[in-house]
Structure formats: C-alpha cells, structure tokens
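Participant: Below you'll find the structure I mean.
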Amino acid sequence: MNHGFVRATDGTITEYDVPGAGAGPGQGTGGAAINPGGTIRGSYVDASGVSHGFVRATDGTFTTFDVSGAGTGPGQGTTAQNLNPAGDIAGYYVDAANVFHGFLRTKHGAITTFDVPGAGTSAGQGTIPISNNAADTITGYYIDSIGVYHGFLRTAH
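Residues in the sequence shown are numbered consecutively from 1, following our numbering.
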C-alpha cells in the first residue's frame with residue numbers, strides 16, 4: 001500500500017491517505033506535485049485497481065475527482081500529473097477501451113478533455129500530458145496508431 005506525505009520546512013513529515021484508497025499491493029495514495037501555496041495533487045488507486053485524482057488542501061481536506069469517460073476497470077481511471085501555481089491540474093485518463101486521453105482541470109473543478117491530432121485510438125495508445133505551466137501550456141507525449149511515441153505542446157488557446 002502506498003501513502004502520501006508532505007515534509008514541512010522544519011522537517012516534520014505528515015503522512016496522509018485519501019479516503020477510498022485501497023490497502024492492497026499497488027493500491028493507495030500517491031501525492032506527486034505541490035504548488036507554492038502548499039496544495040498537493042495526486043492520484044490514488046482504490047481496492048478495485050481504478051485510479052482517481054485528488055487535491056489536498058493545506059488544511060488537510062481532500063477533493064477527489066474523476067474525468068467523465070474514464071474507465072472503471074483495473075488499470076483505468078483518472079491520473080493527475082502536474083499542478084501549476086494557480087492550482088490547475090494536467091493529467092490523463094484511461095477509458096474503458098484502455099485508450100489514454102488528456103485533461104486540464106481548473107482549480108475550480110472545470111475539466112477540459114483533449115486528444116492530440118494523430119494520437120492512436122486503440123488500447124495502449126493516445127494522449128498523455130505530463131506538465132502544465134502557469135499559462136496552462138501543457139507538454140507531454142502521444143502514442144500513434146503504430147505505437148510510435150511523439151512529443152506535444154498544447155497552448156491554452
């Protein structure tokens with residue numbers, strides 16, 4: 001089981017688990033980014049092996065989310081990749097056919113999904129955002145229909 005943690009400037013470590021996170025092997029909480037305000041974003045895997053996104057506020061409260069269209073089987077679901085200073089999250093979701101799709105979630109919870117032109121539409125293919133900056137320019141990679149990886153840059157417009 002995985003646990004998230006945050007280390008304060010004084011060295012104090014606070015461990016946390018998102019409610020609903022599974023307790024088995026490969027399950028649990030994975031905090032992966034923190035912005036200058038102390039907000040943490042990450043993903044957790046439930047007892048069924050499905051991934052979900054979360055935001056942990058500085059007071060320790062959680063907001064969980066799933067992108068509409070995300071699959072509900074093992075290895076599917078929503079994965080939050082990066083959190084910019086404004087609190088916007090870039091990530092991907094895996095649908096029921098095991099295809100990857102990109103998303104941008106604003107700090108207010110609005111979600112925009114996207115696929116890079118040329119991204120494959122079969123299992124193991126698609127769009128995988130990695131990072132977003134303060135202007136919500138997103139970088140990542142996509143896998144085309146013959147399995148070749150390509151980089152992309154998506155502007156906010």
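Backbone N, C-alpha and C define an ideal beta-carbon position, used for all residues, glycine too.
All values derive from a computational prediction rather than experimental measurement.
Pull up the distance between the alpha-carbon of Phe137 and that of Asp88, whole angstroms please.
Facilitator: Residue numbering aside, residue 137 sits at position 137 when the sequence shown is read from its first letter. Residue numbering aside, residue 88 sits at position 88 when the sequence shown is read from its first letter. This sequence places Thr at residue 137; Phe is not what is there. The straight-line gap from Cα to Cα measures roughly 11 Å.
Participant: Where does Gly102 fall in DSSP's three states?
Facilitator: In the sequence shown, the residue the question calls residue 102 occupies position 102. Residue state, collapsed to three classes: strand.
Participant: State the start and end residues of the unbroken beta strand (DSSP E) segment that holds His150.
Facilitator: Start at 1 with the first residue of the sequence shown, and residue 150 comes out as number 150. From DSSP, the beta strand (DSSP E) with His150 extends over Tyr149 to Arg154.
Participant: Kindly list the residues whose CB is nearer than 7 Å to the CB of Asn132, restricted to its own chain and excluding five residues on each side of it in sequence; keep chain order.
Facilitator: For the purposes of this step, residue 132 is taken as the residue at position 132 of the sequence shown. Answer for Asn132: Asn82, Asn84, Asp88, Ala90, Leu104 and Ile138, listed in chain order.
Participant: Here's the rule: buried if 16 or more other CB atoms are within 10 angstroms of the residue's CB, otherwise exposed. What is Tyr142?
Facilitator: Taking the sequence shown and counting its residues from 1, the one referred to as residue 142 is at position 142. So Tyr142 ends up on the buried side.
Participant: Quick one: Cα of His3 to Cα of Ser51, how far?
Facilitator: Your numbering for residue 3 matches position 3 in the sequence shown. Your numbering for residue 51 matches position 51 in the sequence shown. So the alpha carbons of these two residues sit roughly 14 Å apart.
Participant: Answer yes if the stretch 72-81 comes into contact with the stretch 116-124, meaning at least three C-beta pairs across the two stretches below 8 Å, and no otherwise.
Facilitator: no
Participant: Give me, in chain order, the residues of the same chain whose beta-carbon lies closer than 8 Å to that of Asp144; leave out the 5 immediate sequence neighbours on both sides.
Facilitator: On the sequence shown, position 144 is the one that residue 144 refers to. Only Gly118, Ala119, Gly120, Gln125 and His150 meet the Cβ criterion.
Participant: Runs of 3 residues minimum, wholly inside the stretch 76-125: which ones carry the beta strand (DSSP E) assignment?
Facilitator: 77-83, 89-94, 100-105 and 111-114
Participant: Tell me the rounded alpha-carbon separation between Asp10 and Arg56.
Facilitator: In the sequence shown, the residue the question calls residue 10 occupies position 10. In the sequence shown, the residue the question calls residue 56 occupies position 56. Between the C-alpha atoms of Asp10 and Arg56 there is a straight-line separation of about 20 Å.
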